[in-house]
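K.L.:
Okay, handing you the structure first.
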Amino acid sequence: MASALRRTLLLQHARIPTVRRAFSTSITQRQTVSPGDASQASSDSSSSTAVPPLRLSKEQREVLEEMIRVDQAGELGANWIYRGQYAVLGSDKKVGPLLQHMWDQEKHHLKVFDGIVSQYRVRPTALRPIWEMAGFALGAGTALMGKEAAMACTEAVETVIGGHYNDQLRELLKIDHPDIAELRKVVQQFRDDELEHLDTAIDQGAQRAPQHELLSNAIKQGCKAAIWISSKV
Ligand SMILES: [Fe+2]
Ligand SMILES: [Fe+2]
């Protein structure tokens, strides 16, 4: 079932090839990304060569800024969701290591988008403390409801975020500009990581959570609202 949902999300963007584990090198060729923050950080990520701002039209730049802002905010929220889940379930022998692995990936995602935000001089979301609190509350709250509810939270969040990254890839394809290629690779890679989290959540019993449908729909709506708000504010 996990694979079927994942395949559906991937097929939504079938024209874009899946890029796995290859972005760290490519992104660090252009972006400032500090080393050692997450397990995937590549050995050459200490590179801090400054690059000039993208040579884009005003319209392209506006689209790009909105994307980068919302992605950074989303990765921030994801970090705090996993922080909240780990605070409750981190000592669980089975779920704890899975949460830690996914959290490590989210730490890496955030680190990369922090670098992109500063490199391309994008205004970050003004709502950072709110996303942190909301993320932690969602993560800890669902974890307190049980392992399946925690996984249902991950399933719902990653379904929305996987679709969101797919939408962005479609938009990025419309921007015919060589400078966009690296960002596209990052978004592709992170989309793949999020869909792995989705697989993990379903495999770990997300859909056995009490009131799964209700919980899932509420979290999905919340995520969509957060995406819209953080693209603007
Ligand atoms: Fe992420
Ligand atoms: Fe994720």
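First residue of the sequence shown: 0, per numbering that gives the first Met the number 0; consecutive thereafter.
Positions of the beta carbon are idealized from the N, C-alpha and C atoms, including for glycine.
Just to check, is the beta-carbon of I226 closer than 8 Å to a non-hydrogen atom of ligand 1?
P.N.:
no
K.L.:
Taking the straight line between their C-alpha atoms, what separation do you get for L194 and K57?
P.N.:
32 Å
K.L.:
In whole angstroms, give me the CA-to-CA distance for W102 and R82.
P.N.:
7 Å
K.L.:
Say yes only if the C-beta of A77 is nearer than 8 Å to one or more non-hydrogen atoms of ligand 2, and no if none qualify.
P.N.:
yes
K.L.:
With a threshold of 6 Å on Cβ separation, who are the neighbours of L171 within its own chain once the five nearest residues in sequence on each side are excluded?
P.N.:
I179, R183
K.L.:
Kindly indicate which three-state DSSP category Q84 falls into: helix, strand or coil?
P.N.:
helix
K.L.:
What residue range is occupied by the uninterrupted alpha helix (DSSP H) comprising S215?
P.N.:
211-231
K.L.:
Check for me: the alpha helix (DSSP H) holding P96 runs from which residue to which?
P.N.:
From DSSP, the alpha helix (DSSP H) with P96 extends over 94-118.
K.L.:
Rank G221, E74, Q59, I80 by C-alpha distance to the C-alpha of M150 and give the top, closest one.
P.N.:
I80
K.L.:
Can you say whether R190 is buried or exposed, counting buried as having 16 or more other CB atoms within 10 angstroms of its CB?
P.N.:
buried
K.L.:
Less than 9 Å between the C-beta atoms of A139 and S215, yes or no?
P.N.:
no
K.L.:
So I226 packs on G73, CB below 8 Å; how close in whole Å?
P.N.:
7 Å
K.L.:
Note down, one range per segment and in chain order, each alpha helix (DSSP H) of at least 4 residues found wholly within the stretch 157-205.
P.N.:
Within the stretch 157-205, the complete alpha helix (DSSP H) runs of at least 4 residues are 179-202.
K.L.:
Is any heavy atom in ligand 1 found nearer than 8 Å to the beta carbon of I160?
P.N.:
yes
K.L.:
Under the rule that 16 or more other beta-carbon atoms within 10 Å means buried, what is E61, buried or exposed?
P.N.:
exposed
K.L.:
Is it buried or exposed, K223, if we count other Cβ atoms within 10 angstroms and call 16 or more buried?
P.N.:
So K223 counts as exposed.
K.L.:
Does DSSP put R122 in a helix, a strand or coil?
P.N.:
coil
K.L.:
As a quick exercise: from D202, P123, R68, L109, pick the residue whose alpha carbon is nearest that of T153.
P.N.:
The shortest CA-to-CA distance from T153 to any of D202, P123, R68, L109 is the one to D202.
K.L.:
Using the rule of at least 16 other Cβ atoms within 10 Å of the residue's Cβ for burial, across every protein chain shown, is V186 buried or exposed?
P.N.:
buried
K.L.:
Round the Cβ separation of L137 and S229 to the nearest angstrom and send it over; I've been treating them as touching at under 8 Å.
P.N.:
L137 to S229, Cβ: 15 Å. No contact.
K.L.:
Measuring only from the beta carbon, is G73 closer than 8 Å to any heavy atom that is part of ligand 1?
P.N.:
For ligand 1, at least one heavy atom lies less than 8 Å from the Cβ of G73.
K.L.:
State the DSSP-derived secondary structure class of G76, mapped to helix, strand or coil.
P.N.:
helix
K.L.:
Check whether the Cβ of M150 sits closer than 8 Å to any heavy atom of ligand 2, and report yes or no.
P.N.:
no
K.L.:
G138 lies in the alpha helix (DSSP H); which residues open and close that run?
P.N.:
127-144
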